[in-house]
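Read through the structure below, which is laid out as structure tokens, and then see the notes.
Residue numbers (our numbering), protein chains in the order written: chain A, 33 to 178; chain B, 9 to 372.
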């Protein structure tokens, strides 16, 4: 198999942490309106984007996920008032740590998708999936020394 | 009046100040580093009796444990306590107070412009005491002393932030023969104001300290550059942290890592056979003990913005990982996100405990 073919074969594994109150419902809406959504995303439903802590994200990354999407309510719309603001700060820290160590921070993405934004959900997932496809597999896979 | 000058060396001046505080009953105890004159061993003494101060070594270039960490168990103090601590130890304590792991109430903080400390492996050498006079001379003349901890040579925050009392040592040629004691707060003026000496309105000359800060900054750039390409990219991360034996010593001595039950020592990082079997089938080979590299990255995301660069973690590492330098390097990036400086102000909230509605719009 040539390198080019291999690239074409690569189907990323992306883990999506979706907020129960917005993005998870948007995913439902996107499905019921039969929008085309990349099958690369494995959805984990969380009660709030702020539920997603650093170790959860690092575990996901170290277990070999090629990309991680955290999606929650738009700023100002958090079901619990301010969870997404805290999530955003925490995400900024993790992103910076990965950047500081050169660990491909672009494999992480935070997006705001409300319950009514089925189209936006499909766009976000498809675009992120394309991005990860272009990045290639998570280099941690196949590193027995990690 | 904002300063008192004594006709004795700075270390002797600090001891005289502590004796005054104890004998006048202004404080009930003092916390200060000591050196056993017979064995040369250092410790941190909690002293209520004036005679106990004879072995005090307040500014010896030694850090056995972060005094900020120790202070947690002594506060909130019921009766006044005076503490001699290095600028980074004070900053660490402030970070702990923010985490409700201590209180500044009834504590008189005495700190000094710091020349850095030597790694513990140097401190335990028999001839260490001979090093000190020369060290003090070089520090007084504003030099960076070779052989001190990496993060000390690269430390720009050697002028104490928020100390009640500051003694001038680094970059103060007069500190060999005279002791300048600066009283920065009302608490300091109330407790120390009665000390006999030459009073004046002097303040620390920023021109002098800035000169040393500039030197340290150059040293810091050198240190950070020496870490790259190590620590850059997955290969770099494995190269640097791959030596880890998983002892968690760096976390134990860290004044910022205060969690009694660290996530990494909890059952969630206790794996069973099915886990290993699954991992093995995916990778073909596994690295054990598990999560040694993960531990460092987890700690970095949890607390790097609060890192004061005291350097204890590098000192205790049995396999020589430059933990402190890596944390200082990454910590500067994470702190800069929030324009945060660890230990600058006790009223300043931890960056992950607060938010602004309008910020990081590029992130999500």
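We treat Cβ as the ideally placed atom computed from N, Cα and C, and that holds for glycine.
Taking 8 Å as the cut-off, the beta carbon of residue 145 of chain A is found no closer than this to the beta carbon of residue 97 of chain A.
Sequence-distant partners of residue 160 of chain B (beyond 5 residues in either direction) whose C-beta falls short of 7 Å from its own C-beta, in its chain, are 124, 125, 319. Approximately 5 Å separates the beta-carbon atoms of residue 341 of chain B and residue 128 of chain A; this is inside 8 Å, confirming the contact. Within the segment 358-370 of chain B, the residues whose Cβ lies closer than 7 Å to some Cβ of chain A are 359, 360, 363, 365, 368, listed in chain order. Going by DSSP, residue 142 of chain B is part of the alpha helix (DSSP H) stretching over 136-148.
Residues of chain A whose Cβ lies closer than 8 Å to the Cβ of residue 295 of chain B are, in chain order, 176, 177, 178. DSSP places residue 49 of chain A outside any alpha helix (DSSP H); the residue lies instead in the beta strand (DSSP E), whose first and last residues are 46-51. For the segment 144-176 of chain A, the beta-carbon criterion of a distance under 8 Å to any beta-carbon of chain B is satisfied by 144, 171, 172, 173, 174, 175, 176. Short of 6 Å from the beta carbon of residue 58 of chain A, and not among the five residues preceding or following it, lie these beta carbons of its own chain, in chain order: 145, 147, 149, 150, 153.
It is roughly 28 Å from the alpha-carbon of residue 356 of chain B to the alpha-carbon of residue 158 of chain B. Listed in chain order, the alpha helix (DSSP H) runs fully inside the segment 272-350 of chain B are 281-291, 300-311, 320-324, 331-345, counting runs of at least 4 residues. A direct Cα-to-Cα measurement between residue 276 of chain B and residue 10 of chain B gives close to 54 Å. Looking at the backbone, the Cα of residue 94 of chain B and that of residue 143 of chain A are separated by about 44 Å. Secondary structure remark: continuous beta strand (DSSP E) runs of at least 3 residues inside the segment 183-269 of chain B, in chain order: 187-191, 206-208. Residue-level contact check: residue 271 of chain B touches chain A, since one or more beta carbons of chain A fall below 8 Å from its beta carbon.
Straight-line spacing of the CA atoms in residue 47 of chain A and residue 140 of chain A works out to 10 Å. Going by C-alpha positions, residue 134 of chain B is about 28 Å away from residue 77 of chain B. Here residue 102 of chain B carries a helix assignment [DSSP, helix/strand/coil].
The C-beta of residue 87 of chain A comes closer than 8 Å to at least one C-beta of chain B.
Neighbours of residue 124 of chain A in chain B, taken as residues at a C-beta separation under 8 Å, are given in chain order as 345, 368, 371.
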